[in-house]
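**Q**
Protein chains in written order, with our numbering: chain A, 1 to 406; chain B, 1001 to 1520.
(1) What residues of chain B sit near residue 34 of chain A, judged by a beta carbon separation below 9 angstroms?
(2) Please list, in chain order, all residues of the same chain as residue 1098 of chain B whose beta carbon is under 6 angstroms from its beta carbon, the five residues on each side excluded.
(3) From which residue to which residue does the beta strand (DSSP E) around residue 1265 of chain B run?
(4) Got a sec, what are the start and stop residues for the alpha helix (DSSP H) residue 180 of chain A sits in?
(5) Nearest to residue 142 of chain A by alpha carbon, out of A/315, A/90, A/223, A/85?
(6) Using a Cβ-Cβ distance cut-off of 9 angstroms, determine whether residue 1148 of chain B contacts chain A.
(7) Leaving out five residues before and five after residue 171 of chain A in sequence, what residues of the same chain have Cβ atoms less than 6 angstroms from its Cβ?
(8) Tell me whether residue 1001 of chain B sits in a helix, a strand or coil according to DSSP, three-state version.
(9) Would you call residue 94 of chain A buried or exposed, if buried means 16 or more other Cβ atoms sit within 10 Å of its Cβ?
(10) When the distance is taken between beta carbons, is residue 1274 of chain B closer than 9 angstroms to residue 294 of chain A?
(11) Am I right that residue 1374 of chain B and residue 1232 of chain B are in contact with their C-beta atoms under 8 angstroms? What's the rounded C-beta distance?
(12) If you run the structure through DSSP and keep just helix, strand and coil, what is residue 336 of chain A?
(13) Can you find a CB in chain B that lies within less than 9 angstroms of the CB of residue 145 of chain A?
(14) List the residues of chain A whose Cβ lies closer than 8 angstroms to the Cβ of residue 1309 of chain B, in chain order.
(15) Please list the partners that residue 1275 of chain B has in chain A, where partner means a Cβ-to-Cβ separation under 7 angstroms.
(16) So with Cβ pairs under 9 angstroms, would you call residue 79 of chain A a contact of chain B?
(17) Can you determine whether any heavy atom of the ligand FAD sits closer than 8 angstroms to the C-beta of residue 377 of chain A, and answer yes or no?
(18) Return the residue from the list A/352, A/209, A/239, A/43 that minimises the CA-CA distance to residue 397 of chain A.
(19) Need the endpoints of the alpha helix (DSSP H) that residue 1243 of chain B sits in, please.
(20) Tell me, please, which residues DSSP counts as bridged to residue 106 of chain A.
(21) Excluding sequence positions up to five away, which residues of its chain have a Cβ less than 8 angstroms from the Cβ of residue 1001 of chain B?
(22) Taking residue 1195 of chain B and residue 1379 of chain B to be in contact with their CB atoms under 8 angstroms, please state how far apart those CB atoms are, rounded to whole angstroms.
(23) Run through DSSP, which three-state label would residue 1171 of chain B get?
(24) Do the segment 124-142 of chain A and the segment 44-57 of chain A meet, that is, are 3 or more Cβ pairs less than 8 angstroms apart?
(25) In the structure shown, what three-state DSSP assignment does residue 347 of chain A receive?
(26) Quick check on the DSSP output: the alpha helix (DSSP H) that includes residue 1219 of chain B runs from which residue to which?
(27) From residue 378 of chain A to residue 372 of chain A, what does the alpha carbon distance come to, in whole angstroms?
(28) Could you name each continuous alpha helix (DSSP H) segment of 4 residues or more that falls completely within the segment 1287-1335 of chain B, going from the start of the chain to the end?
(29) Does any CB atom of chain B fall closer than 9 angstroms to the CB of residue 108 of chain A?
(30) Can you pull the chain B neighbours of residue 140 of chain A, defined as C-beta to C-beta under 8 angstroms?
(31) Does the segment 1312-1327 of chain B come close enough to the segment 1472-1479 of chain B to have 3 or more Cβ pairs within less than 8 angstroms?
(32) What alpha helix (DSSP H) runs, 4 residues minimum, are completely inside the segment 130-193 of chain A?
(33) Measuring alpha carbon to alpha carbon, tell me which of B/1426, B/1405, B/1336, B/1263 ends up nearest residue 1327 of chain B.
(34) Just mark residue 390 of chain A as buried or exposed, buried being the case when its beta carbon has 16 or more other beta carbons within 10 Å.
(35) Which residue marks the beginning of the beta strand (DSSP E) containing residue 251 of chain A, and which one marks its end?
(36) Whole angstroms are fine: how far does the CA of residue 1343 of chain B sit from the CA of residue 1176 of chain B?
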């Protein structure tokens, strides 16, 4: 059975170090800091003007972020469902058309390669979105299956529109049916005469949507949204990856590659992580007859867990950046802070922490050793950590349906 | 619907050996063969009216343990008193002949005194190494990383055997085990014909030539573990006597055999408790159930075609796909009106190798590995009717030749014309050593690797199912997680040449698989 892999390499222009996205004229205009970074080879704004303003746009009004660099793969063909069910740990056989599912992909050893979202666009036609490039793994996975995989990262322009007023703003922009969308729903609709797909998905933990269209319509889609701002109805702000990092940690979402090494990039045997170890046990369905990594995960489940990625609130006002973690002040070293932010809304240091579980249980105390500077002089202090089993921050409007109108 | 303890897919010699062992231990065994005849590549077939031959035309190391335990001798598989001489053919009749007398003593003719002396040293050392490795071919090599005393002991024994060689021999073993055949031969010998002849058994059947690294010497030592220390032989009643004796033991042990029975799929139950083999399905939809299924088909056919990738994890399936199992050996069968005469030989005796130099082998390989016909093929020729006159009508003869290197993946694609071209080229070459041969030919059959693949259902037309190369041997054969005869699919086992220890007519894979199954 043939599998078809479509990747148009001619799209790469070797004169560009980083590729501008289809929104680049607008992004470049709005980006006052010119604080660019590389996301999957695209020129991406880290910040636009001030981080605090961008952050509060997500939490208090409406934010827009260019999502185009997200790895996007179109998957269809007779074996598409079989292919996906073997690829991810969750059971996607029941994923209905026009619905989205959050999934995780493991290798045979049950170690996480990446997390992803699967969009069931139409019957038998799927889009897989992930943080990192995964075409290699998808190709290997497709051998022996009658499935077509098309790299469409460059063919789909996408914006995340997130925040309390996002539904209201999008409605004013011309998406009348926005109120009907429940979390993880997909809507195919028209905006100013061109086709857009809207999904009620996001990475902020708040009410929010993602809009997908062809690159030709990218600027029109952008303008349709910002017209709402120009008319003075709602404030809408562009946000960069730094603000996103703050809200995703508040919302308790993990970031493969930052919070832990993905299995494909890890060189040292102890740097790989299973879904259980990164808190994704809830997306592992061991009742599924088989999937890649199942045998290893079944074995792992029988043994005490060795470590966990924890949501850790660290007391005090000093950023526990790259801090080592200890079982007590000056005690045994048990882990590391992987990523951390200062949360303006919670007024707290929040972190993702990789922590050893001796004997399978969570340490009773976790202390961070924090190095900080005072006028270029390094000092050290200790701060106690508090483990959050739930997201640090959540709001009922994330899942309210229909969404509240603000 | 009837139920069996074990269904074995494929009635080649390994499938039959495994069936015999399991049935003798009381299992209800069903042996399924897709072809009309049992025997796989060792099956005797009529390739021209009244002319018969089998693809496998000699034996170098059939397991003496299996022959003894299954009592094959009393069922008609009888070792000859003497092995076949190996003849390095020379166009002018100045051959190099390596022979063994009835006592097993080797004699070498056609080489200098210096080579003769080197050969003694070479042989002594190689036999020591072959003897050291011999016990491990018939042993299940444990999975790496699995603990347990008996498992650790297997590797401890291997280490001990190695250590018992003594410091200098052990060091030497470590040095030469991975050497390309060319380097080993150049170290010992001057005579080109001798070098080519001795490296032949390190290479045949795999995608390897004299300059290839990746463990050809290990492959040679594997073959040297036989009853005649690696010299090829023909059992008294021909190759088919191996198959018939196994059939006879299988029948006596209660194995039910069905030929013309191609398995469509291995039936796998999928539910919340995982996967479990339930039996097999036939093309007409018939289902035969069993507690376990043991496949002697090659790993690719077993996993990719019969199990299906949806039942396998991604990396495992990919490793099976990446197995090097592309065949490079074709088979020439000639039906002759009379006995062929070879320059300088009294009769067409023994295993005649046409490979004047190691460079000839190397160049033949170079062409083939890029998908071309070899400018000058190399081959191994036997006249089986010399030993078994009933394979042809009285006074008539058969030539059987393994021809290297003939690529499975021919760049210009296989066609009737392409087959004719290489067939004629091969016959032309053979006729240079046997003038008058062409006038004797009543019929010529040429089986390309592609023909072998389709006629015998062997992926790539590779007799070994997967090349004998160091990364596909021992506890890595065919790949980890399937190298101990059990597989990632509960209830599915392997017992074919694609498992440790490997291909050729040996029977150890079938024996080891049965041992492992009976233990579980």
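We put the beta carbon where it would ideally sit given N, CA and C, even for glycine.
On a predicted model such as this, the values are computed, not experimentally measured, just so you know.
**A** In short, the structure shows the following:
(1) Residues of chain B passing the Cβ test: none, with the nearest at roughly 42 angstroms.
(2) 1086, 1108
(3) 1265-1271
(4) Element bounds for residue 180 of chain A: n/a, residue is neither H nor E.
(5) A/85
(6) no
(7) 178
(8) Caution is warranted here: a pLDDT of 47 is assigned to residue 1001 of chain B, below 50, making its placement in the model unreliable, and no coordinate value can be reported.
(9) exposed
(10) yes
(11) About 23 angstroms separates the two Cβ atoms, so there is no contact after all.
(12) strand
(13) yes
(14) 86, 143, 144, 145
(15) 289, 290
(16) yes
(17) For the ligand FAD, the structure offers nothing, since it holds no ligand at all.
(18) A/209
(19) 1240-1252
(20) A/112
(21) Note that residue 1001 of chain B has pLDDT 47, beneath the 50 cutoff, so the model's placement of it is unreliable and the number below is only indicative. So the list reads 1287, 1288, 1289, once near-sequence residues are dropped.
(22) Not really, about 17 angstroms apart at Cβ, beyond 8 angstroms.
(23) helix
(24) no
(25) coil
(26) 1216-1223
(27) 6 angstroms
(28) 1314-1321
(29) yes
(30) 1314, 1315, 1318
(31) yes
(32) 135-142, 166-173
(33) B/1405
(34) exposed
(35) Neither: residue 251 of chain A is in no beta strand (DSSP E) and is coded neither H nor E.
(36) 36 angstroms
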